[in-house]
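Participant: So for the sequence shown, this note's numbering puts the first residue at 51; every next one is plus one. Built from N, CA and C at the ideal position, the CB exists for glycine as well. Pasting in a structure now, in structure tokens, and then I'll have a few things to ask.
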Amino acid sequence: MSNVREDMKKSDVLLVVVSIVTLIAICLISMPYIFIGPPLPLFSIYNNDINEHEVVIEIFDSNNESVFKQTYEMAPEAMISQSKPVWLLLQLSIPPGNEENYTFKVNLDNNVTNTHQIGLQVWVMADIMLYEDNTENPISIGVSVV
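Here is the structure:
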């Protein structure tokens, strides 16, 4: 009878320890979202021109493998934001503050291409501007950080 009680006590202690560890892990993962806010999008594109443009965005991981490719038809002075996929949010969230390098390749009207490497985090995004004050290179790629 005493062995049964000891086994129950051990299993109760184990259950409490696992519950506490789980609660701490949930708090550590969710705290940044509570204090900083929702994650930033993967990127945003702003067409500062008076003409319509076709923009192809391709993103490569650190192994130079394409992980995203999308074509956008940009109206004059239009802005488009692309949210981060769930798999990328998970990859950037664990451990908190994790940073992964991605290369953004932006092609404008099948004519001009600009490439920029960005260390992405949950609260870091690429800002892509078309025709922003620089007529030599119509594509400008920057980084926004919260």
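(1) In whole angstroms, give me the CA-to-CA distance for A145 and S116.
(2) May I ask you to report which of helix, strand or coil DSSP gives A128?
(3) Helix, strand or coil for L142 per DSSP?
(4) Terminal residues of the continuous beta strand (DSSP E) containing E149?
(5) Quick check on G117: does DSSP put it in helix, strand or coil?
(6) To the nearest angstrom, report how far apart V156 and E108 are at their CA atoms.
Facilitator: This is what the structure gives:
(1) According to the sequence as given, residue 145 is Pro; it is not Ala. Looking at the backbone, the Cα of P145 and that of S116 are separated by about 24 Å.
(2) Correct three-state label for A128: coil.
(3) Per DSSP, reduced to three states, the secondary structure at L142 is helical.
(4) The continuous stretches of beta strand (DSSP E) do not include E149, and DSSP gives it neither H nor E.
(5) Contrary to the premise, residue 117 reads as Val rather than Gly in this sequence. DSSP places V117 in strand when its eight states are reduced to three.
(6) Answer to the nearest angstrom: the Cα atoms are 7 Å apart.
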